[in-house]
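Take 28 as the starting number for the sequence shown in the working numbering and just add one per residue. Report on one structure; see the data block that follows.
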Amino acid sequence: MSETSLPSGHRSGYVALIGRPNVGKSTLLNAYLGQSVAAVSPKPQTTRARQLAVLTLSNAQIIFVDTPGIHQAQHRLGKQMIETALEALRDADLLLVLFDLSRPPTDEDAQVAENVLEAGSDTPYLVALNKVDRVRPEHLQERWEFFEALLPSAAFMTTLSATRGDNRDLLLENLIGQLPEGPRYFPIDQITDLYERDIAADQIRAAAMQLLRDEVPYGLAVRIDEFKERGDEGAYIAATIFVERESQKGIVIGKGGAMIREIGTLARKEIEAMSGRKSYLNLRVKTLPGWTNDEQALQRLGVTRR
Ligand code: GDP
Ligand code: MG
Numbered sequence: 028m029s030e031t032s033l034p035s036g037h038r039s040g041y042v043a044l045i046g047r048p049n050v051g052k053s054t055l056l057n058a059y060l061g062q063s064v065a066a067v068s069p070k071p072q073t074t075r076a077r078q079l080a081v082l083t084l085s086n087a088q089i090i091f092v093d094t095p096g097i098h099q100a101q102h103r104l105g106k107q108m109i110e111t112a113l114e115a116l117r118d119a120d121l122l123l124v125l126f127d128l129s130r131p132p133t134d135e136d137a138q139v140a141e142n143v144l145e146a147g148s149d150t151p152y153l154v155a156l157n158k159v160d161r162v163r164p165e166h167l168q169e170r171w172e173f174f175e176a177l178l179p180s181a182a183f184m185t186t187l188s189a190t191r192g193d194n195r196d197l198l199l200e201n202l203i204g205q206l207p208e209g210p211r212y213f214p215i216d217q218i219t220d221l222y223e224r225d226i227a228a229d230q231i232r233a234a235a236m237q238l239l240r241d242e243v244p245y246g247l248a249v250r251i252d253e254f255k256e257r258g259d260e261g262a263y264i265a266a267t268i269f270v271e272r273e274s275q276k277g278i279v280i281g282k283g284g285a286m287i288r289e290i291g292t293l294a295r296k297e298i299e300a301m302s303g304r305k306s307y308l309n310l311r312v313k314t315l316p317g318w319t320n321d322e323q324a325l326q327r328l329g330v331t332r333r
């Protein structure tokens with residue numbers, strides 16, 4: 028669609044999604060985009076690199092930047108994730124800050140608020156208190172007031188349920204209302220600027236983290252080794268899962284290969300749902316000691332910002 032055919036008053040811009048891990052950033056993004064672009068996981072820190080997702084509507088185009096959570100750095104990987112998140116804050120037209128209403132506020136929430144105030148002194152921000160479907164009514168007001176005190180100058184603040192849908196449309200309307208007037212920056216059918224292979228890597232990591240739960244904490248990365256189109260047979264994807272310790276390798280593979288097969292099946296289903304075609308996944312596991320602290324290894328694995 029050419030720019031000239033856009034309605035007058037068309038708005039566009041970059042919206043950075045901020046919030047500590049697990050508050051529901053990817054879930055909200057996926058709900059807006061109607062398909063699984065950002066990997067969602069019941070475990071924090073699935074989203075490692077910065078991801079763009081483009082939502083094109085008749086009157087607006089929003090380019091969402093889903094960032095890794097801002098949290099205390101424990102090792103280099105953590106530091107890099109924070110750097111990526113902070114950069115997204117500085118570049119954005121608008122910040123959307125998510126907090127989790129379903130649990131008591133933490134120091135991390137205060138840290139998130141501090142980062143928002145530091146990075147975007149002129150940038151408007153909106154605050155959404157997510158998981159309202161899970162908050163006990165007697166906690167609602169007290170938590171609302173707490174978060175309001177952390178970020179008192181929000182252009183708009185609301186409760187939200189990214190999963191159930193409460194206030195999702197209302198939030199979107201207000202996001203659009205805060206964006207500057209501007210053209211469509213991306214073609215109408217473009218949902219993400221990530222290559223499909225990167226999304227596949229994200230889905231494999233999410234599947235592994237979901238199935239392994241707490242057994243292999245942060246030391247897990249995925250590299251796509253081959254991504255081939257095979258006509259009617261769909262895509263052939265070969266990937267390596269990297270772990271830090273030999274003992275973790277055994278856990279990822281499982282008894283007689285049971286776990287790695289399960290990870291492959293789950294990831295394949297997600298990839299197929301996302302791409303709308305069949306795919307064949309070939310997974311292997313390698314030990315790469317200390318990779319979370321190794322700058323070069325991180326770059327090789329594609330964990331740095333794309
Ligand atoms: P992110 O780390 O901020 O991207 O968080 P995710 O989007 O991966 O979500 C973390 C977990 O919270 C997942 O298990 C989601 O299903 C869950 N979740 C997200 N939004 C809601 C919500 O509104 N209500 C409830 N009950 N769970 C939610
Ligand atoms: Mg996420």
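For each residue, glycine too, the CB sits at the ideal point set by N, CA and C.
In whole angstroms, what separates the C-alpha of residue 251 from that of residue 143?
Within the sequence shown, numbered from 1, the residue matching residue 251 stands at position 224. Within the sequence shown, numbered from 1, the residue matching residue 143 stands at position 116. Taking the Cα positions, residue 251 is about 34 Å away from residue 143.
Under the three-state reduction of DSSP, which class applies to residue 74: helix, strand or coil?
Sequence index remark: in the sequence shown, residue 74 carries index 47 (1-based). In this prediction, residue 74 has a pLDDT of 47, which is less than 50 and means its spatial position is unreliable; what the coordinates show is noted afterwards. In this structure, residue 74 counts as coil in the three-state DSSP scheme.
Under the assumption that residue 125 contacts residue 45 (Cβ atoms under 8 Å), give the Cβ distance between them as a whole number of angstroms.
Taking the sequence shown and counting its residues from 1, one reaches residue 125 at position 98. Taking the sequence shown and counting its residues from 1, one reaches residue 45 at position 18. Indeed, because the Cβ distance is near 7 Å, the residues count as touching under 8 Å.
In this structure, how does DSSP classify residue 317 when only helix, strand and coil are distinguished?
Position 290 of the sequence shown, counted from the start, is the residue given in the question as residue 317. In the structure shown, residue 317 sits in coil (DSSP, three-state: anything other than H, G, I, E or B).
Give the secondary structure of residue 309 by DSSP, where H, G and I count as helix, E and B as strand, and everything else as coil.
The sequence position of residue 309 within the sequence shown is 282, counting from 1. In this structure, residue 309 counts as strand in the three-state DSSP scheme.
Check this for me: beta carbons of residue 309 and residue 248, under 9 Å apart or not?
Numbered from its first residue, the sequence shown carries residue 309 at position 282. Numbered from its first residue, the sequence shown carries residue 248 at position 221. Cβ distance not < 9 Å, so residue 309 and residue 248 don't count as in contact.
Which of helix, strand or coil does DSSP assign to residue 158?
Walking along the sequence shown from the start, residue 158 turns up at place 131. Residue 158 falls in the coil class under three-state DSSP.
Exposed or buried, residue 158, counting other C-beta atoms within 10 Å across all chains shown (16 or more means buried)?
Taking the sequence shown and counting its residues from 1, the one referred to as residue 158 is at position 131. When all chains shown are included, residue 158 counts as buried.
Check whether the Cβ of residue 179 sits closer than 8 Å to any heavy atom of ligand 1, and report yes or no.
As a first step, residue 179 must be located in the sequence shown, where it is residue number 152. No, since every heavy atom of ligand 1 falls outside the 8 Å radius drawn around the Cβ of residue 179.
So, with DSSP's three-state summary, where would you put residue 274?
Stepping through the sequence shown from its first residue, residue 274 is reached at position 247. Correct three-state label for residue 274: helix.
Where do the ends of the alpha helix (DSSP H) carrying residue 292 lie?
Reading the sequence shown from its first residue, position 265 is the one you call residue 292. Counting along the chain, the alpha helix (DSSP H) containing residue 292 begins and ends at 285-302.
According to DSSP, simplified to helix, strand and coil, what is residue 204?
For the purposes of this step, residue 204 is taken as the residue at position 177 of the sequence shown. Reduced to three states, the DSSP call for residue 204 is helix.
Quick one: measure Cβ to Cβ for residue 289 and residue 238, integer angstroms, because I've assumed they're closer than 8 Å.
Counting from 1 along the sequence shown, the entry for residue 289 is found at position 262. Counting from 1 along the sequence shown, the entry for residue 238 is found at position 211. Right, their Cβ atoms sit about 6 Å apart.
Take residue 212 and list the residues in its own chain whose beta-carbon comes closer than 7 Å to its own, dropping the five residues that flank it on each side.
Position 185 of the sequence shown holds residue 212. Counting only Cβ-Cβ distances below 7 Å, and skipping sequence neighbours, we find 39, 88, 90.
Would you check if the distance between the CB atom of residue 154 and the CB atom of residue 169 is smaller than 9 Å?
For this step, residue 154 is matched to residue 127 along the sequence shown. For this step, residue 169 is matched to residue 142 along the sequence shown. Contact flag unset, no.
Under DSSP, the alpha helix (DSSP H) around residue 52 begins and ends at which residues?
As a first step, residue 52 is located in the sequence shown; it is residue number 25 there, counting from the start. Unbroken alpha helix (DSSP H) run through residue 52: 52-60.
Using only alpha-carbon positions, find the residue among 208, 207, 324, 182 that is nearest to residue 198.
Translated into the one-based positions of the sequence shown, residue 198 becomes position 171. Minimum Cα distance to residue 198 is reached at 182.
When we look at the beta-carbon of residue 52 and count the other beta-carbons within 10 Å, is it buried (16 or more) or exposed?
The residue labelled residue 52 in the question sits at position 25 within the sequence shown. With a threshold of 16 other beta carbon atoms within 10 Å, residue 52 meets it and is buried.
Nearest to residue 129 by alpha carbon, out of 120, 164, 123, 146?
Against the sequence shown, residue 129 aligns to sequence position 102. Nearest of 120, 164, 123, 146 to residue 129, Cα basis: 164.
Below 9 Å between beta carbons: does that hold for residue 156 and residue 187?
Position 129 of the sequence shown holds residue 156. Position 160 of the sequence shown holds residue 187. In this structure, residue 187 lies closer than 9 Å to residue 156 by Cβ.
Output the boundary residues of the alpha helix (DSSP H) element that contains residue 229.
As a working note, residue 229 is residue 202 in the sequence shown. Run containing residue 229: 223-239, per the alpha helix (DSSP H) assignment.
Please report the Cβ distance between residue 119 and residue 42, rounded to the nearest whole angstrom; I am assuming they are in contact, meaning their Cβ atoms lie under 8 Å.
Taking the sequence shown and counting its residues from 1, one reaches residue 119 at position 92. Taking the sequence shown and counting its residues from 1, one reaches residue 42 at position 15. Confirmed, about 6 Å.
Answer yes or no: the CB of residue 188 versus the heavy atoms of ligand 1, is any distance below 8 Å?
Numbered from its first residue, the sequence shown carries residue 188 at position 161. Yes.
Less than 6 Å between C-beta atoms, sequence neighbours within five positions excluded: which residues of the same chain meet that for residue 232?
Along the sequence shown, read from residue 1 onward, the residue named residue 232 stands at position 205. Beyond the five residues adjoining it in sequence on each side, residue 232 comes within less than 6 Å, by CB distance, of 249 in the same chain, given in chain order.
Should residue 306 be labelled buried (16 or more other beta-carbon atoms within 10 Å of its own) or exposed?
Sequence index remark: in the sequence shown, residue 306 carries index 279 (1-based). Residue 306 should be labelled buried.
Buried or exposed for residue 149, going by 16 or more other Cβ atoms inside 10 Å?
Here residue 149 corresponds to residue number 122 of the sequence shown, with the count starting at 1. Flag for residue 149 reads exposed.
Should residue 53 be counted as a contact of ligand 1 given a C-beta to heavy atom distance under 8 Å?
Along the sequence shown, read from residue 1 onward, the residue named residue 53 stands at position 26. Result yes, Cβ under 8 Å from ligand 1.
Less than 7 Å between C-beta atoms, sequence neighbours within five positions excluded: which residues of the same chain meet that for residue 243?
The sequence position of residue 243 within the sequence shown is 216, counting from 1. Excluding sequence neighbours, residue 243 sits near 270, 275, 278, 279.
When DSSP labels each residue in this structure, what does residue 182 get in the three-state scheme?
To locate residue 182, count along the sequence shown from 1; it is residue 155. Looking at residue 182 - three-state DSSP - the assignment turns out to be coil, as it is neither helix nor strand.
From this set, 303, 162, 167, which residue's C-alpha is nearest residue 262's C-alpha?
Within the sequence shown, the letter at position 235 stands for residue 262. Restricting attention to 303, 162, 167, the CA atom closest to the CA of residue 262 is found in 303.
Helix, strand or coil, according to DSSP, for residue 120 in the structure here?
What you label residue 120 is simply residue 93 of the sequence shown in a count that begins at 1. Residue state, collapsed to three classes: coil.
Relative to the C-alpha of residue 253, which residue among 228, 319, 208 is closest?
Indexing the sequence shown from 1 puts residue 253 at position 226. Of the candidates 228, 319, 208, the one whose C-alpha sits nearest the C-alpha of residue 253 is 228.
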